[in-house]
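Here the structure comes first, spelled out in structure tokens, and everything after it is commentary.
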Amino acid sequence: MNDPTHDTRFETAVAESRAYLLKFARLQLRDEAWAEDVVSETLLAALAKPQAFAARSQLRTWLVGILKHKIVDVLRQRAREVTLDGGTDDDHADPLEHMAFKTNGHFAERPADWGNPEQDLGSRQFMTILEACTEKLPVVQGRLFLMREWLELSSEEICKELGLTPTNLYVQLHRARLRLRECLELNWFAAR
Amino acid sequence: MNALMKKLPLMRSCKEVTALVIAREDRALPVAERLALRMHMAMCKACPRFERQVLTMRNAMKQWRGYTDGD
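Here it is in structure tokens:
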């Protein structure tokens, strides 16, 4: 039990990162049980090879890196469930149709000027809104969007891992990006 | 000339351009679409606003990725 090679500070720090990792696992997987499992696996893997961390500086960066690999495995193994779209008609609507276009396809009014909010974007308040808007995306759209933006997979990689056609992927990402734009506009840029 | 005018191969509506600006985040556009996009942007006052929103979102996601690592 009291193995002198165990660094209890390291173990404590790893264990304390659980809630932090769980937040991202939930956002990406949109399934509580999968998220819990993948975070447990991540923590076990980290505890099993503390020497792999020694050379590095940021514990969380290292843990998030392990988590991302494990999450890609889960997404691949559960590809069918991951892309099973049980969404509502509203989820399947094209957000482009809510935007103010005239019948000839030209903008009826100019899109809002969001300014140049470089500093705002890094603020904790903005991150909270961004995460809330991402969480509000329909489940499949949210997963695919974060595979692009958090896991940083290419569209080709996502299609390969999940067995999706490019057309299907692009339709879902198109909706996700426009929905996110709408949510950010309402809750951040117009609300400031 | 008439045939060319009829096809107007490089003319795009704002709605089409909006879809292209979004699509560009996830796939490389064919060269003809890239050219049509540029020409539309040069003439239109509304679409460049939308394009800047999309670039702001791209930047926001990048910041968020950095934020998830370090915090």
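In order, the protein sequence lines correspond to chains F and L.
Letter by letter, the first sequence follows residues 34 to 225 of the numbering used here.
Letter by letter, the second sequence follows residues 2 to 72 of the numbering used here.
Note that CB positions come from ideal geometry on N, CA and C, so glycine has one too.
Because the structure is a prediction, the values reported are computed rather than measured.
Contact between LYS103 (chain F) and THR75 (chain F) is confirmed by a C-beta separation of about 5 Å, below the 8 Å threshold. In the pairwise beta carbon analysis, the stretch 81-101 of chain F is classified as not touching the stretch 138-155 of chain F: fewer than three pairs are separated by under 8 Å. Ranked by how close their Cα comes to the Cα of CYS15 (chain L), the residues L:ARG53, L:LYS46, L:MET58, L:THR57 have L:LYS46 in first place. Bridge partners of PHE140 (chain F) according to DSSP: F:PHE134. GLU130 (chain F) counts as exposed, since fewer than 16 other beta carbons sit within 10 angstroms of its beta carbon.
With its beta carbon at least 9 Å from every one in chain F, MET42 (chain L) lies outside the interface.
At a C-beta separation below 7 Å, ALA47 (chain L) has these neighbours in chain F: PHE140, ARG143, PRO144. Contact check for LEU206 (chain F) and ARG181 (chain F): beta-carbon distance about 7 Å, within the 8 Å limit, so the pair qualifies. Going by DSSP, ALA48 (chain F) is part of the alpha helix (DSSP H) stretching over 41-49. For PHE222 (chain F), there is no enclosing alpha helix (DSSP H), as DSSP marks it with neither H nor E. By the beta-carbon neighbour count (other beta carbons within 10 angstroms, threshold 16), SER188 (chain F) is buried. Comparing alpha carbon positions, the residue from F:THR198, F:ALA81, F:PHE159 closest to LYS63 (chain L) is F:PHE159. With respect to THR198 (chain F), LEU179 (chain F) sits apart: the two C-beta atoms are not nearer than 9 Å. Contacts with chain L at 9 Å (Cβ-Cβ) include ARG214 (chain F). For the pair of segments examined, the stretch 108-125 of chain F was found not to touch the stretch 72-87 of chain F: the number of CB pairs separated by less than 8 Å stays below three. The straight-line gap separating the alpha-carbon atoms of ALA48 (chain F) and ASP27 (chain L) is approximately 36 Å. Chain F places a beta carbon closer than 9 Å to that of GLU26 (chain L), counting this residue as a contact. If you draw a 10 Å sphere on the C-beta of LEU186 (chain F), you find 16 or more other C-beta atoms in it, and that means buried.
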